[in-house]
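Below you'll find the structure, written out as structure tokens, and then a few comments.
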Amino acid sequence: MINVHTAKLQQLDAAHYMHPFTDFKALAAQGSRIITNASGVYVTDSEGHQILDAMSGLWCVNMGYGQQALVDAATKQMTVLPFYNSFFNTAVAPAIELAALLADVTPPQFNHVFYSSSGSESNDTILRMVRRYWDILGQKQRKTIISRHNAYHGSTVAGASLGGMIGMHEHGDLPIPGIVHIGQPYYRENGLPLGVTEAEFGVIAASWLEDKILELGADKVAAFIGEPVQGAGGVIIPPATYWPEIQRICDKYGILLISDEVICGFGRLGTWFGCETMGTTPDFMTFAKGVTSGYIPLGGAMVSDRVAKVLFEGGDFNHGYTYSGHPVACAVAIANIKLMQELDIVNTVKNSTAPYLKQAFEALNDHPLVVDAQTLGMVGGLVLIKNKATGELFDDSVGVGMICRGHCFGNGLIMRAVGNRMIIAPPLTISHAEIDELVRLARLALDATYADLQTAGVI
Ligand code: PXG
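What follows is the structure, encoded as structure tokens:
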């Protein structure tokens, strides 16, 4: 029996609230799980269940729940100046201070930022900046942006178009013109050809970019966009050979490189930004989520010196959001970045937490349902497989990921299911003991999933 408070909230929810990425009717019938409070790496629902949040909210609560310094920064800024805009030659101090701090913690080519309130908006900004850049340089025909199938770059019209999610393209006649997609560097989807090593596959997957550039004509291509590790697509960790080759191809044809760091930024991969792990020097970085550890919405585009120099010469750039440089959001981001620096969290992740997570999570490869359990920094994923010996995958109709996800929740663990992949992105602050607990709960869920599939005669 659920308590009265939960029932009342679920009733109001069903009556009035349209959730993101949701079958509205099905949710209204089922009732949502209502999360009421959180501390450290645990969230608590309205029924009093404590759940280990191995997804950091939605890839964002990097410094964990309950960080008082962030709360204090917001409270103080709200009292002093809750809002003023950055249009018409005005500015607010936290936005200026954060811009300087971001220039400090990002790779050396980045010294300028344009603020938004989300990853999606940031990619909209970048799309417009990329085209503006080529316009100013007198190359108006350079409009096309190349992305990848199964990429996620947000849910606005530009964000969803840049993304490579077919289910999203189907809703709203996307992508918009001038955005094309190549294959993702995921050998289970594209089939690792016999005798080809993973390293060789990375180079092959990157060569699809060159093929597409040559097909379109290099003088038509404005930019390439990619997530260092695809997050929402199922934590697709590319072979180490992939990104350096992408960089080489972009350089060869003078094409701008956009690293969408909404998930991989702010320490997630054990470096401040994912491009540092991958060895690229992008012209733009998209950021959001981890910049404030999700405590308040903030996003932005880091703009490289090469691009900024041109945009500075181009006169007006007719673009911006009411909340570009929101003082409260920027104050929280400053507190968050300072906390990251004080705790030396990026090095702790790199030298301690991520290696510990790697050995604990990758041990799940011994489970009869699991292959490809793999982590990089503080993201991880595994494939639920029907037959380990033959490599036969489950039919989509089995919904194996959702079965496993249900058991995770039942056992007090939040893991995300993407098709047949189970994925994690825990707070960077997670302890070794909490990692042990995460993996113990994951194994319980895998065992329960296995038992269900046996009972149903699927395996
Ligand atoms: N780029 C990347 C790489 C993202 O992961 C966005 C852009 C868009 O950010 P906003 O703030 O507009 O949501 C994201 C967001 C999932 C999931 O199912 C992932 C995201 C958002 C919603 C769901 O894993 N990532």
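Following our numbering from start to finish, the sequence shown increments by one per residue and tops out at 460. Just so you know, even glycine gets a beta-carbon here, dropped at the ideal spot from N, CA and C.
Own chain residues within Cβ distance below 7 Å of residue i, not counting five before or after
i           : result
residue 377 : 230, 238, 270
residue 95  : 78, 328, 331, 332, 335
residue 58  : 295
residue 117 : 123, 126, 300, 301, 322, 325
residue 3   : 48
residue 407 : none
residue 306 : 110, 112
Contact test: residue i Cβ vs the ligand GTP heavy atom, cutoff 8 Å
i           : result
residue 187 : The model on display carries the ligand PXG but not the ligand GTP.
Nearest-angstrom Cβ-Cβ length linking residue i and residue j, presumed shorter than 8 Å
i           : j           : result
residue 357 : residue 425 : About 13 Å separates the two Cβ atoms, so there is no contact after all.
residue 405 : residue 447 : 7 Å
residue 467 : residue 152 : Because the chain spans 2 through 460 in this model, residue 467 falls outside it and cannot be assessed.
residue 394 : residue 366 : Rounded, the Cβ-Cβ distance is 16 Å, inconsistent with contact.
residue 181 : residue 147 : 6 Å
residue 120 : residue 390 : Not really, about 40 Å apart at Cβ, beyond 8 Å.
residue 104 : residue 111 : 6 Å
residue 209 : residue 183 : 4 Å
residue 243 : residue 207 : 5 Å
residue 372 : residue 386 : 5 Å
residue 24  : residue 36  : Their Cβ separation, rounded to whole angstroms, is 20 Å, which puts residue 24 and residue 36 out of contact at 8 Å.
Heavy atom of the ligand PXG within 8 Å of residue i beta-carbon
i           : result
residue 322 : no
residue 156 : yes
residue 46  : no
residue 264 : yes
residue 325 : no
residue 22  : yes
residue 470 : Since the first residue of the chain shown is 2 and the last is 460, residue 470 is not available in this structure.
residue 58  : no
residue 337 : no
residue 149 : no
residue 269 : no
residue 54  : no
residue 116 : no
residue 419 : yes
residue 289 : yes
residue 301 : no
residue 224 : no
residue 402 : no
residue 122 : yes
residue 296 : no
residue 233 : yes
residue 179 : no
residue 261 : yes
residue 160 : yes
residue 18  : no
residue 216 : no
residue 153 : yes
residue 171 : no
residue 228 : yes
Own chain partners of residue i with C-beta closer than 6 Å, once the 5 adjacent residues on each side are dropped
i           : result
residue 415 : 52, 54, 55, 56
residue 334 : 99, 292, 293, 299
residue 107 : 303
residue 175 : 161, 162
residue 32  : 11
residue 228 : 261
residue 263 : 120, 287, 289, 290
residue 419 : 235
residue 423 : 383, 405, 416
Own chain residues within Cβ distance below 8 Å of residue i, not counting five before or after
i           : result
residue 177 : 158, 159, 162
residue 83  : 328, 329
residue 140 : 220
Legend entry - the region 64 to 77 contacting the region 288 to 300, beta-carbon criterion three pairs below 8 Å: yes
Legend entry - Sufficient close CB pairs (3 or more, under 8 Å) joining the region 256 to 267 to the region 126 to 143: yes
Legend entry - Three or more C-beta pairs below 8 Å linking the region 243 to 258 and the region 217 to 225: yes
Legend entry - Minimum length 3: unbroken beta strand (DSSP E) runs contained in the region 222 to 283: 222 to 227, 257 to 261
Legend entry - In chain order, each alpha helix (DSSP H) run of at least 4 residues that lies wholly inside the region 293 to 379: 306 to 314, 328 to 343, 346 to 349, 355 to 363
Legend entry - 3-residue-minimum beta strand (DSSP E) runs that sit fully inside the region 132 to 202, ordered along the chain: 145 to 149, 180 to 183
Legend entry - Complete alpha helix (DSSP H) runs within the region 66 to 104 (minimum length 4 residues, chain order): 69 to 81
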